[in-house]
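First the structure, in the form of structure tokens, and then the observations on it.
Number of protein chains: 2
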Amino acid sequence: MASRRPTMVEQVRNGIRELISDGTYTVGDQLPNEQQMGERFGVSRATVREAYRGLIESGYLARRQGSGTFVARIPQQHALDLNLSYTEMIRAAGFKPSIVVLDTSVRQADDSDLAHLAMTPGEDVVVVERLRLADDRPVVYSIDRLPASLVPPDARGDGFGRSLFGLLEQVSHGARNGRARIKPVLASGAPARHLQVAKGTPLLFFEETDFDGAGRPVLASSEWHTSDVFDMWINRKATLHSRSL
Amino acid sequence: MASRRPTMVEQVRNGIRELISDGTYTVGDQLPNEQQMGERFGVSRATVREAYRGLIESGYLARRQGSGTFVARIPQQHALDLNLSYTEMIRAAGFKPSIVVLDTSVRQADDSDLAHLAMTPGEDVVVVERLRLADDRPVVYSIDRLPASLVPPDARGDGFGRSLFGLLEQVSHGARNGRARIKPVLASGAPARHLQVAKGTPLLFFEETDFDGAGRPVLASSEWHTSDVFDMWINRKATLHSRSL
DNA sequence: GAGTGGTCTAGACCACCGT
DNA sequence: CGGTGGTCTAGACCACTCC
Numbered sequence: 696m697a698s699r700r701p702t703m704v705e706q707v708r709n710g711i712r713e714l715i716s717d718g719t720y721t722v723g724d725q726l727p728n729e730q731q732m733g734e735r736f737g738v739s740r741a742t743v744r745e746a747y748r749g750l751i752e753s754g755y756l757a758r759r760q761g762s763g764t765f766v767a768r769i770p771q772q773h774a775l776d777l778n779l780s781y782t783e784m785i786r787a788a789g790f791k792p793s794i795v796v797l798d799t800s801v802r803q804a805d806d807s808d809l810a811h812l813a814m815t816p817g818e819d820v821v822v823v824e825r826l827r828l829a830d831d832r833p834v835v836y837s838i839d840r841l842p843a844s845l846v847p848p849d850a851r852g853d854g855f856g857r858s859l860f861g862l863l864e865q866v867s868h869g870a871r872n873g874r875a876r877i878k879p880v881l882a883s884g885a886p887a888r889h890l891q892v893a894k895g896t897p898l899l900f901f902e903e904t905d906f907d908g909a910g911r912p913v914l915a916s917s918e919w920h921t922s923d924v925f926d927m928w929i930n931r932k933a934t935l936h937s938r939s940l
Numbered sequence: 696m697a698s699r700r701p702t703m704v705e706q707v708r709n710g711i712r713e714l715i716s717d718g719t720y721t722v723g724d725q726l727p728n729e730q731q732m733g734e735r736f737g738v739s740r741a742t743v744r745e746a747y748r749g750l751i752e753s754g755y756l757a758r759r760q761g762s763g764t765f766v767a768r769i770p771q772q773h774a775l776d777l778n779l780s781y782t783e784m785i786r787a788a789g790f791k792p793s794i795v796v797l798d799t800s801v802r803q804a805d806d807s808d809l810a811h812l813a814m815t816p817g818e819d820v821v822v823v824e825r826l827r828l829a830d831d832r833p834v835v836y837s838i839d840r841l842p843a844s845l846v847p848p849d850a851r852g853d854g855f856g857r858s859l860f861g862l863l864e865q866v867s868h869g870a871r872n873g874r875a876r877i878k879p880v881l882a883s884g885a886p887a888r889h890l891q892v893a894k895g896t897p898l899l900f901f902e903e904t905d906f907d908g909a910g911r912p913v914l915a916s917s918e919w920h921t922s923d924v925f926d927m928w929i930n931r932k933a934t935l936h937s938r939s940l
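For the protein sequence lines, the chains are A and B, in the order given. For what it's worth, our numbering labels the leading residue of the first sequence as 696, then goes sequentially. For what it's worth, our numbering labels the leading residue of the second sequence as 696, then goes sequentially.
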């Protein structure tokens, strides 16, 4: 796993991040235009443009045609659409994140697994039940499933006995994008018990599938979220939907 | 308001959409590579790349490095992050959308308006209370506020008496992106009554601000959503958050 | 009108994927 | 290995915003 030489775009992107974090530019400021920034880093305008694009997509910058590129007014670190990692979200919201593994097991894939994880009948799935905490307050109770075939062969001894959790961490770091169905529900049973809320408390329920870079499903999760510790955000944008499609 | 000449990128984008909607390529198919598609439309590779990029961002296509560009497996028309228009979402989910205006009024901006809509004390806001239906079943009850200053001068006669709703339509079509805080709540009061659900039914509550192309807030909404008529989706993606920012 | 981002070209080389 | 997308350059002109 030799570390790759960073691309020009990455170098420029990191350079810009540094210019912001060291206070050279701050929230609301206009950045140098694409040409000037290119000269500063010794790259072409197209390269700066690509670097800016990435920072815009992750919410750091905002572009306004005809006027300039600006440091975004609102830090959007814990928007659901820009982050797959609850650990990061909790940290970005200003809390200390932690995770408790409640249970781990291995079983045969059921119909839901076959559908969500593109598995074939008879394959095994690994199931992990976890609780996430923000400053020791429970905020997410989740049941995660992943194909056992994603386990490296050398870790498959005695029924995955050792660290299913480490495995899951490894898999979830490989996840690049996901698709969540969201739904409001009333707390009851295990979610209510683990999140330490009264039955009937409103919770957010997510049914999510995460995919790796190649578009393969690697993780299916059912998650129950409390809403009182920190806010959940979604960035929305209009896309031009053609009538013909 | 002369209609602009479509750019090459737009032409290519529409051409590709047509190739998909007429069945030349279907879900899961690999598209011609960037070079070939460029030859087909008589444009450079960079132009095709930009067209592909837009279609990927709106969920129609998926790119896999080293293998190709494909028609996305899953139509994502009614994902919350890719669509600002509930009318479109309802339609995409296969229902007939309609809207009932329950009430319209004008009042002075309160503190919440000042904060969300970047207004100055003493300005007026227009308030519209609406109910959206999917095949005549109520699905969203909302209270929308917008700065009265967005009303064209010639429509400002007698306290905006005529069609506040048409005005809101006009403004909301100008909205390009938004930011929603989501929260699960229990139905009660006006939302329960208008959505025709029992008190205590779990609802999704959105507190949303929408912005125009220049980043100006144009619309602040409080929305209560039922979850039983159609599903709400969020597309999520991992973004590389630097530790320094 | 000056300055900005938006589009576009032609060509090059690299990194990754599958066979 | 061949084919794909990913990166990068140098230069040009257009469209928009704001003074």
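Beta carbons are placed, not taken as given, at the ideal position from N, Cα and C, and that holds for glycine.
What three-state label does DSSP hand residue i in the structure shown?
i: residue 842(A); result: strand
i: residue 771(B); result: coil
i: residue 736(A); result: helix
i: residue 911(A); result: coil
i: residue 795(A); result: strand
i: residue 835(B); result: strand
i: residue 760(B); result: coil
i: residue 917(A); result: strand
i: residue 922(A); result: coil
i: residue 866(A); result: helix
i: residue 802(B); result: strand
i: residue 700(A); result: coil
i: residue 750(A); result: helix
i: residue 899(A); result: strand
i: residue 905(A); result: strand
i: residue 743(A); result: helix
So with Cβ pairs under 9 Å, would you call residue i a contact of chain B?
i: residue 879(A); result: yes
i: residue 863(A); result: no
i: residue 876(A); result: yes
i: residue 870(A); result: yes
i: residue 898(A); result: yes
i: residue 760(A); result: yes
i: residue 754(A); result: yes
Does residue i get closer than 9 Å to chain A when you measure Cβ to Cβ?
i: residue 778(B); result: yes
i: residue 929(B); result: yes
i: residue 700(B); result: no
i: residue 932(B); result: yes
i: residue 771(B); result: yes
i: residue 775(B); result: yes
i: residue 917(B); result: no
i: residue 757(B); result: yes
i: residue 839(B); result: no
i: residue 729(B); result: no
i: residue 885(B); result: no
Anyone know if the C-beta pair for residue i and residue j falls short of 9 Å?
i: residue 904(A); j: residue 811(A); result: yes
i: residue 896(A); j: residue 882(A); result: yes
i: residue 751(A); j: residue 764(A); result: yes
i: residue 925(A); j: residue 790(A); result: yes
i: residue 715(B); j: residue 732(B); result: no
i: residue 884(B); j: residue 914(B); result: no
i: residue 766(B); j: residue 721(B); result: yes
i: residue 906(A); j: residue 870(A); result: yes
i: residue 819(B); j: residue 832(B); result: no
i: residue 775(B); j: residue 927(B); result: yes
So the beta strand (DSSP E) residue i belongs to, where does it begin and stop?
i: residue 826(B); result: 819-829
i: residue 810(A); result: From DSSP, residue 810(A) is part of no beta strand (DSSP E) but of the alpha helix (DSSP H) over 806-812.
i: residue 871(A); result: 870-881
i: residue 931(A); result: 927-932
Measuring alpha carbon to alpha carbon, tell me which residue in the options is nearest residue i.
i: residue 782(B); options: 726(B), 825(B), 797(B); result: 825(B)
i: residue 843(B); options: 891(B), 823(B), 831(B); result: 823(B)
i: residue 929(B); options: 878(A), 908(A), 820(A); result: 878(A)
i: residue 827(B); options: 787(B), 836(B), 723(B), 713(B); result: 836(B)
i: residue 866(A); options: 911(A), 833(A), 832(A), 892(A); result: 911(A)
i: residue 838(A); options: 916(A), 794(A), 761(A); result: 916(A)
i: residue 900(A); options: 886(A), 919(A), 889(A), 717(A); result: 919(A)
i: residue 725(B); options: 893(B), 932(B), 758(B), 921(B); result: 758(B)
i: residue 787(B); options: 908(B), 893(B), 830(B); result: 830(B)
i: residue 745(A); options: 898(A), 887(A), 709(A); result: 709(A)
i: residue 793(B); options: 777(B), 834(B), 809(B); result: 834(B)
i: residue 886(A); options: 868(A), 813(A), 739(A), 921(A); result: 921(A)
Please report the residue range of the alpha helix (DSSP H) in which residue i lies.
i: residue 886(A); result: 884-890
i: residue 708(B); result: 703-716
i: residue 781(A); result: 781-787
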